[in-house]
Amino acid sequence: MSAVTINGERLWDSLMQMAGIGATDKGGCNRQALTELDQQGRALFLRWCEQAGCHWWLDEMGNLFVRRPGTQPDAPAVLTGSHLDTQPTGGKFDGVYGVLAGLEVIRTLNDHQIDTTHPIDIAVWTNEEGARFSPAMLGSGVWAGAFSLEYGLGRTDSTGTTVKQAIKSLGYDALQPCQPYPIKAAFELHIEQGPILEQAKTPIGVVEGVQGMRWYDLILTGAPVHAGPTPMDVRQDPVLAYASIAAKLYELAREHGPWARVTLGSIETYPGARNTVPERVTATVDLRHPDANVLEQMDKAFRLLTNEVSEIAGVRAEIRDEWLSPPVSFASECVETVQRASDELGLKSKRLFSGAGHDAVYVSSVAPTSMIFIPCEKGISHNEAENIKPQDAKAGANVLLRAILSQAGE
Ligand code: HGY
Ligand code: MN
Ligand code: MN
Ligand code: MN
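In terms of full-length UniProt numbering, the sequence shown opens at residue 1 and continues consecutively.
Written out as structure tokens, the structure reads:
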């Protein structure tokens, strides 16, 4: 295995240039899926990829694939990449780091005139964040067959715009079928987005899997009344029910141990007038756990407590299932490839499960896959202050280079 290493300055420079697209004044990025800004980010990435001698194609979900040809054109590809779309108040590195580190691997191979047997592909998956369109990991989910193309194209954002309309509005055409193709192995490099690696003073995470996630919409309907004359004990107040359900959900997380997660990301009342007891509360619920059985128990408990609370409050409760992504374990041969690469580079590493969802979840259903993590400052992500150290960015990309080369054959 050649001892080449990536150019850390060039990688950092690419990250900073990409961060300029959709930059927010608090130092983050707002480049939501299939927006003009997302397209600008993709266009910048494609310019760099073309300069690096790659060709590319888009599929029907707007997933973008870049290929560095191998010496055996019909050999299965080694796939890397991640996503370029961000949260509304996202950071510079979530997803972007994995895409641009993939490009840095290709640039490094070019610098050293290293040919590989297998082609090397970088995927830029559509709507990984699930911020503009729900659910998350939508592009990779359709590609891997977890969702139908019709379902994926039909998802709408808060303005009622569908994925299909958004793709069309960006002028994307000549779209290839959104379906798997021969892949020998896949590696996704990503920031950890949690505190484990930084606290362990460890630069590399050897990711063994991703925890299970369930998304719901919770709709609580009561009776709108005047805020003044209506006594408290006759109200059918959906906010009162929501507050009690929320408190019990946080209790549920505490009961199910250190990996249980409950997140109530958005809450809306209708009509939203300050002197009218709301008719309706519409809220999102995100439950997570690495163990499918525990996630199942949390699901059951959520439904039970919601019924009990809403009955007492005299409101009608509806729980709509939005998304279920079961826990996945990655292919041991890919996990061991990452472990070997870290060891060969003399980098301290730690095995861990991912708390965040990633496109690798769906890729792993069609090809042997694993992930590589690097630490992020204070474990912060989905936050404009998200930050990483240049030396960690370089270390992670060097592990990715080795992992890819060990599968792509030079
Ligand atoms: O929700 C997630 O974990 C990911 O950021 N889409
Ligand atoms: Mn991500
Ligand atoms: Mn994210
Ligand atoms: Mn993610």
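The beta-carbon is built from N, C-alpha and C at its ideal position, and this holds for glycine as well.
Considering only residues of the same chain and omitting the five flanking positions on each side of residue i, which have a CB-CB separation below 6 Å?
{"i": "Gly-130", "result": "Ala-136"}
{"i": "Ala-360", "result": "Glu-188, Thr-369, Met-371"}
{"i": "Glu-410", "result": "Ile-114, Thr-116"}
{"i": "Phe-147", "result": "Gly-141"}
{"i": "Ala-341", "result": "Val-399, Arg-402, Ala-403"}
{"i": "Gly-27", "result": "Glu-384"}
{"i": "Thr-269", "result": "Pro-278, Val-281"}
Taking the straight line between their C-alpha atoms, what separation do you get for residue i and residue j?
{"i": "Gly-194", "j": "Lys-378", "result": "8 Å"}
{"i": "Gly-314", "j": "Glu-384", "result": "40 Å"}
{"i": "Met-232", "j": "Glu-251", "result": "26 Å"}
{"i": "Leu-175", "j": "Pro-119", "result": "21 Å"}
{"i": "Leu-84", "j": "Gly-41", "result": "7 Å"}
{"i": "Ser-158", "j": "Met-61", "result": "19 Å"}
{"i": "His-289", "j": "Pro-375", "result": "21 Å"}
{"i": "Phe-302", "j": "Glu-318", "result": "12 Å"}
{"i": "Met-16", "j": "Ala-408", "result": "29 Å"}
{"i": "Gly-70", "j": "Thr-108", "result": "15 Å"}
{"i": "Ile-106", "j": "Ser-140", "result": "22 Å"}
{"i": "Tyr-117", "j": "Ile-6", "result": "Note on identity: in this sequence residue 117 is Thr, with Tyr being the wrong assignment. Computed Cα separation, rounded: 20 Å."}
{"i": "Leu-239", "j": "Tyr-216", "result": "The question names Leu, but residue 239 is Val in the sequence shown. Their backbone Cα atoms lie some 17 Å apart in a straight line."}
{"i": "residue 420", "j": "Leu-220", "result": "Not covered by the structure: residue 420. The range shown for the chain is 1 to 410."}
{"i": "Glu-9", "j": "Asp-59", "result": "32 Å"}
{"i": "Cys-54", "j": "Ala-43", "result": "14 Å"}
{"i": "Val-363", "j": "Pro-182", "result": "12 Å"}
{"i": "Arg-68", "j": "Leu-405", "result": "13 Å"}
{"i": "residue 457", "j": "Met-213", "result": "An answer regarding residue 457 cannot be provided, because it is not within the stretch 1 to 410 covered by the chain."}
{"i": "Pro-390", "j": "Trp-12", "result": "7 Å"}
{"i": "Ser-349", "j": "Ala-253", "result": "29 Å"}
{"i": "Asn-63", "j": "Ile-167", "result": "10 Å"}
DSSP three-state call for residue i: helix, strand or coil?
{"i": "Thr-306", "result": "helix"}
{"i": "Val-206", "result": "strand"}
{"i": "Trp-259", "result": "coil"}
{"i": "Ile-106", "result": "helix"}
{"i": "Trp-125", "result": "coil"}
{"i": "Cys-54", "result": "coil"}
{"i": "Asp-13", "result": "helix"}
{"i": "Lys-184", "result": "strand"}
{"i": "Cys-29", "result": "strand"}
{"i": "Asp-286", "result": "strand"}
{"i": "Gln-176", "result": "strand"}
{"i": "Leu-249", "result": "helix"}
{"i": "Leu-170", "result": "coil"}
{"i": "Ser-342", "result": "helix"}
{"i": "Lys-201", "result": "coil"}
{"i": "Gly-212", "result": "strand"}
{"i": "Ile-374", "result": "strand"}
{"i": "Thr-269", "result": "strand"}
{"i": "Leu-79", "result": "strand"}
{"i": "Val-315", "result": "coil"}
{"i": "Leu-405", "result": "helix"}
Check whether the Cβ atoms of residue i and residue j lie closer than 8 Å to each other.
{"i": "Ser-325", "j": "Gly-357", "result": "yes"}
{"i": "Leu-218", "j": "Val-309", "result": "no"}
{"i": "Phe-133", "j": "Ala-33", "result": "yes"}
{"i": "Ala-144", "j": "Val-366", "result": "yes"}
{"i": "Val-277", "j": "Ala-227", "result": "yes"}
{"i": "Thr-86", "j": "Gly-22", "result": "yes"}
{"i": "Pro-368", "j": "Glu-322", "result": "no"}
{"i": "Ile-372", "j": "Gly-396", "result": "yes"}
{"i": "Val-99", "j": "Phe-45", "result": "yes"}
{"i": "Tyr-242", "j": "Val-206", "result": "no"}
{"i": "Pro-327", "j": "Gln-211", "result": "yes"}
Ligand 6 heavy atoms versus the CB of residue i: any closer than 7 Å?
{"i": "Ala-403", "result": "Ligand 6 is not among the ligands present in this structure, which contains only ligand 1, ligand 2, ligand 3 and ligand 4."}
Leaving aside the five residues before and after residue i along the sequence, list all residues of the same chain whose C-beta is less than 7 Å from its C-beta, in chain order.
{"i": "Trp-57", "result": "Phe-65, Gln-176"}
{"i": "Ala-19", "result": "Cys-29, Lys-92"}
{"i": "Val-335", "result": "Val-206, Glu-208, Ser-370"}
Please work out which residues of its chain come closer than 8 Å, Cβ to Cβ, to residue i, disregarding the five sequence neighbours upstream and downstream, and give them in chain order.
{"i": "Arg-274", "result": "Ala-227"}
{"i": "Gly-152", "result": "Met-61, Leu-138, Gly-139, Gly-141, Val-142, Val-163, Cys-178"}
{"i": "Thr-306", "result": "Leu-218, Ile-245, Ala-317, Ile-319"}
Let me make sure I understand the geometry here. Which of the options has the alpha-carbon closest to that of residue i?
{"i": "Tyr-97", "options": "Arg-303, Thr-108, Thr-80, Leu-109", "result": "Thr-80"}
{"i": "Ala-3", "options": "Arg-235, Pro-73, His-112", "result": "His-112"}
{"i": "Glu-344", "options": "Tyr-362, Arg-402, Cys-334, Lys-350", "result": "Arg-402"}
{"i": "Glu-255", "options": "Leu-138, Gln-51, Val-294", "result": "Val-294"}
{"i": "Gln-339", "options": "Val-163, Asp-173, Phe-187", "result": "Phe-187"}
{"i": "Arg-31", "options": "Gly-95, Cys-49, Glu-50, Gly-8", "result": "Gly-95"}
{"i": "residue 430", "options": "Ser-342, Lys-168, Thr-161, His-190", "result": "Lying before the first or after the last residue shown, residue 430 is absent from the chain, which here runs from 1 to 410."}
{"i": "Ala-223", "options": "Thr-161, Pro-229, Arg-316, Val-210", "result": "Arg-316"}
{"i": "Ala-393", "options": "Glu-279, Ser-364, Pro-203, Thr-230", "result": "Pro-203"}
{"i": "Trp-48", "options": "Val-262, Lys-201, Ala-101, Lys-26", "result": "Ala-101"}
{"i": "Glu-104", "options": "Thr-337, Ala-52, Ala-123, Arg-155", "result": "Ala-52"}
{"i": "Thr-35", "options": "Glu-50, Ala-292, Gly-171, Glu-268", "result": "Gly-171"}
{"i": "Asp-38", "options": "Trp-12, Gly-90, Gly-27", "result": "Gly-90"}
{"i": "Ser-82", "options": "Asn-110, Glu-128, Thr-269, His-382", "result": "Glu-128"}
{"i": "residue 412", "options": "Lys-201, Leu-149, Leu-304, Asp-291", "result": "In this structure the chain extends from 1 to 410, so residue 412 is not present and cannot be described."}
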